[in-house]
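The block underneath contains the structure these notes are about, expressed in structure tokens.
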Amino acid sequence: MELMHDYRTVPLRHEAVPRGRRSSRVLRRIVDVIGATVLLVLTAPLLALGALAVWLDSGRPVLFGHVRLGLNGRPFRCWKLRTMVVDAEEWLEREPALKKRYIENGYKLPDWADPRITRVGRWLRKTYIDELPQLFNVLGGSMSLVGPRPVVRGEIEWYGDAAGELLSEKPGIFGEWTSRGAHRPDYPERARIELEYVRSRTALRDLRILLRSIPVVLRGQGAG
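Here this note's numbering runs 12 ahead of the position in the sequence shown, where the first position is 1.
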């Protein structure tokens, strides 16, 4: 698959933000800070257990920061507990067939088909524990509790001329399609869902996504 777009060439919207929307963003930021703080306190034992498991299984580093595109296309490091071998990126370069499947599958491989995932990493992904460090992203302001899932540069081509709309919102830990549990849409469908969410986002919808995400996490169906 030939990539047609680069995020640096995506036309982003720079209109003045309406006063009502600014107020909504301020309120959302307050909710994010309070919510992330509470969740960090509640999940600290799980985060510590996950970090220890990674260290005992495959050593350091315990955290992995993958570069994603944030608000207005600004790159940021999206933190996770490391679930792959240390040289996961180099592994792709050494295995052209694996890299080809990775790109064709929307810059992701199914866990069962990805040899780079460690034994502990599979458990962390299934239980969602690997995503907990993103609460620090929320506190730092690069992510929100709810929003479109963060994308890498190559994924932005799926959004075409609407990429600016996607990048007009902070990415979130929980999103519309990830809250649907076992259903994992292909990338064109994922892009459609994300854009529909961005265009019709409300506080009530975000609350519904959070509530739907609770059983998804408890069932161990991961974030995606």
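All C-beta atoms in this analysis are idealised placements derived from N, C-alpha and C, irrespective of residue type, glycine included. Just so you know, these numbers come straight off a predicted model, no measurement behind them.
With C-beta atoms as the reference, is residue i less than 7 Å away from residue j?
| i | j | result |
| --- | --- | --- |
| K182 | L83 | yes |
| V210 | E177 | yes |
| M96 | I129 | yes |
| L104 | K111 | yes |
| W189 | R204 | no |
| I221 | V158 | yes |
| T55 | L144 | yes |
| W91 | L75 | yes |
| G47 | L179 | no |
| D123 | R113 | no |
| A319 | I168 | The question about residue 319 has no answer, for the chain in this structure spans 13 to 236. |
| R89 | G77 | yes |
Would you please state the rounded distance, in angstroms, between the beta carbons of residue i and residue j? I believe it to be under 8 Å.
| i | j | result |
| --- | --- | --- |
| V66 | L93 | 6 Å |
| R224 | S191 | 4 Å |
| G187 | R161 | 5 Å |
| P87 | V79 | 5 Å |
| I115 | G166 | 7 Å |
| V45 | Y119 | Not confirmed; about 30 Å, so no contact. |
| Y171 | L207 | 7 Å |
So if DSSP puts residue i in a beta bridge, which residue, or which two residues, is it bridged to?
| i | result |
| --- | --- |
| V228 | Beta-bridge pairing links V228 to no other residue. |
| K111 | Partner(s): none; K111 has no beta bridge. |
| G184 | S156 |
| V163 | L81 |
Tell me the residue span of the beta strand (DSSP E) that contains residue i.
| i | result |
| --- | --- |
| R80 | 75 to 81 |
| L93 | 87 to 93 |
| L178 | Per DSSP, L178 belongs to no beta strand (DSSP E); it is in the alpha helix (DSSP H), 175 to 178. |
Starting from residue i, trace the alpha helix (DSSP H) both ways and give me its first and last residue.
| i | result |
| --- | --- |
| V150 | 146 to 152 |
| G133 | 131 to 139 |
| L157 | Segment 156 to 158 is the beta strand (DSSP E) holding L157; no alpha helix (DSSP H) there. |
| I205 | 199 to 211 |
| L104 | 100 to 106 |
With three or more beta-carbon pairs closer than 8 Å as the criterion, would you say the segment 214 to 222 touches the segment 138 to 151? no
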